[in-house]
Amino acid sequence: MRFLEKILRKSTKEMDKMSNVKLAVIFYSMGGTNFQLAKWAEEGAREAGADVKVLKVEELAPESIIERNEAWKATVEATKDVPVATSDDIEWADAILFSVPTRFGNVPSQMKQFLDIQGGLWMNGKTINKVVSAMTSAQNPHGGQEATLLSLYTSMMHWGAIIAAPGYTDPVLFGAGGNPYGTSVTVDQNGKMVDDVEGAVKHQAKRTVTVAEWVKNGNQ
213 MRFLEKILRK STKEMDKMSN VKLAVIFYSM GGTNFQLAKW AEEGAREAGA
263 DVKVLKVEEL APESIIERNE AWKATVEATK DVPVATSDDI EWADAILFSV
313 PTRFGNVPSQ MKQFLDIQGG LWMNGKTINK VVSAMTSAQN PHGGQEATLL
363 SLYTSMMHWG AIIAAPGYTD PVLFGAGGNP YGTSVTVDQN GKMVDDVEGA
413 VKHQAKRTVT VAEWVKNGNQ
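Okay, so the sequence shown: first residue is 213 according to the numbering used here, each after it adds one.
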């Protein structure tokens, strides 16, 4: 009986090892930029063979404030069918790719709350060895992009996660501004992206999936 149990356990482990990496792309977007980054990341990750969920964090801003901003209203409408991220999604994922705008050199309160309410997962060791990476946007080239990514990564260190920053692992990153911490994009006053970052986003997504494969396969 014990011999049979060992065979079954070994078979299950081998099946897990062969399964695709599960990637959660979790974003917050007010003007649509980070929603677009998330969709490009989904494309890149699927090309790398990952199972992908694109998820948004819950909107916390009062409706009365959102109604005053046409771009914000349009983004809420455009993302209405995107599922809201939950703790179950974090537990499901082998890897997480975050995408957020910068807020005074930090993550938006909407994303911060989502991270803050994962204490139960953290306490039970469910965030350990998740492979994570992040992207961001701002309205000028020095609007806090790097600080925002580093701030988010600080939380990930507390989670015991493995950070898979893009560094300078592909020439496509230089065409997007060369941010080694994660893809960052400048958005003009009309809400249009100034930089061509699609290739960088897809590379970062694929790199995140690849690192997660190493971790997943090495942990069997």
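Positions of the beta carbon are idealized from the N, C-alpha and C atoms, including for glycine. Predicted model only: the values in this text are computed from it and were never measured.
query, result
"Are the CB atoms of residue 242 and residue 287 within a distance shorter than 8 Å?", "yes"
"Need the endpoints of the beta strand (DSSP E) that residue 335 sits in, please.", "Per DSSP, residue 335 belongs to no beta strand (DSSP E); it is in the alpha helix (DSSP H), 331-335."
"Quick one: what's got a C-beta closer than 7 Å to residue 278's C-beta in the same chain, skipping five residues either side?", "284, 285 and 288"
"Going by CA-CA distance only, name the one from 424, 430 and 429 that's closest to residue 264.", "424"
"Counting beta carbon pairs with one atom in the region 343-357 and one in the region 311-321, are three or more of them shorter than 8 Å?", "yes"
"Mind reading off the beta-carbon distance from residue 398 to residue 407? Whole number of angstroms is fine, and I expect it under 8 Å.", "6 Å"
"Apply the 10 Å Cβ neighbour rule to residue 360 and answer buried if 16 or more other Cβ atoms are within range, or exposed otherwise.", "buried"
"In three-state terms, what does DSSP make of residue 280?", "coil"
"Out of 295, 320 and 357, which has the shortest C-alpha to C-alpha gap to residue 273?", "320"
"Go through its chain and collect everything with a Cβ distance to residue 372's Cβ below 7 Å, but skip five positions before and after it.", "339, 340 and 341"
"Quick one: measure Cβ to Cβ for residue 403 and residue 244, integer angstroms, because I've assumed they're closer than 8 Å.", "7 Å"
"Going by alpha carbons, who is nearest to residue 329 out of 376, 233, 352 and 302?", "302"
"Hey, residue 235 and residue 309 are a contact pair by Cβ (cut 8 Å); roughly how many whole angstroms apart?", "6 Å"
"Could you name the residues of the same chain whose beta carbon sits closer than 8 Å to that of residue 318, not counting the 5 residues immediately before and after it, in chain order?", "324, 356, 359, 360 and 363"
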